[in-house]
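Just so we're aligned, residue 83 is where the sequence shown starts under the numbering used here, counting upward by one.
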Amino acid sequence: MATAEHGEVLAYTPHRLPYKLLQVPFTITNSDHEAAMYSVYFTVEFGDGAARTSFRRVVTSGGLKPHRTMATQATIGGVSSQPPGAVRITITDVQKRSHSDVTS
């Protein structure tokens with residue numbers, strides 16, 4: 083599991099799906115007092131050392147109300163040909179924009 087933004091964003095263990103897909107589940111919790119939009123940038127890495135392959139993706143939320151949690155997921159294709167070994171999820175950046183940030 084990966085975490086960011088003081089625990090507001092959590093990435094969970096990915097699941098392999100048919101058709102060379104990998105699904106990465108996330109939860110995003112808005113701990114502020116006003117609605118916010120989130121963009122979560124993350125990297126998925128397969129394998130170790132020289133055989134490592136990575137994918138960079140982003141998952142977004144609409145206006146998430148205060149003190150609410152939403153579940154979402156990102157699906158990555160073409161993963162069956164990736165090197166064997168551990169799959170590692172790293173959240174590289176979280177951009178959070180509140181309603182007041184959007185209107186100013």
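The C-beta atom is built at its ideal place from N, Cα and C for all residues, glycine as well.
Helix, strand or coil at residue i according to DSSP, with G and I counted as helix
i	result
Lys178	strand
His97	strand
Arg150	coil
Met119	strand
Val106	strand
Gly160	coil
Ala87	The question names Ala, but residue 87 is Glu in the sequence shown. Residue state, collapsed to three classes: coil.
Sequence-distant residues of the same chain with beta carbon closer than 6 Å to residue i, five excluded per side
i	result
Ser162	Lys102
Arg138	Thr125
Ala153	Thr109
Glu87	Val176
His97	Gln105
Lys178	Ala118 and Tyr120
Closest by C-alpha distance to residue i, when choosing among the options
i	options	result
Thr95	Asp114, Gln105 and Gln177	Gln105
Tyr120	Ile110, Asp114 and Gly129	Ile110
Thr157	Pro107, Arg150, Asp130 and Gln177	Pro107
Gly129	Gly160, Arg170 and Ser180	Arg170
Gly89	Gly160, Thr151, Ser143 and Thr135	Thr151
Local Cβ density within 10 Å of residue i, reported as buried at 16 or more and exposed below that
i	result
Leu99	exposed
Ala168	exposed
Val91	buried
Val140	exposed
Beta-carbon proximity list for residue i, same chain, < 8 Å, skipping 5 on both sides
i	result
Thr174	Tyr123, Phe124, Thr125 and Arg138
Contacts around residue i, its chain only, beta-carbon distance under 7 Å, and the 5 residues preceding and following it disregarded
i	result
Gly159	Lys102 and Leu103
Asp114	Pro148 and Ser180
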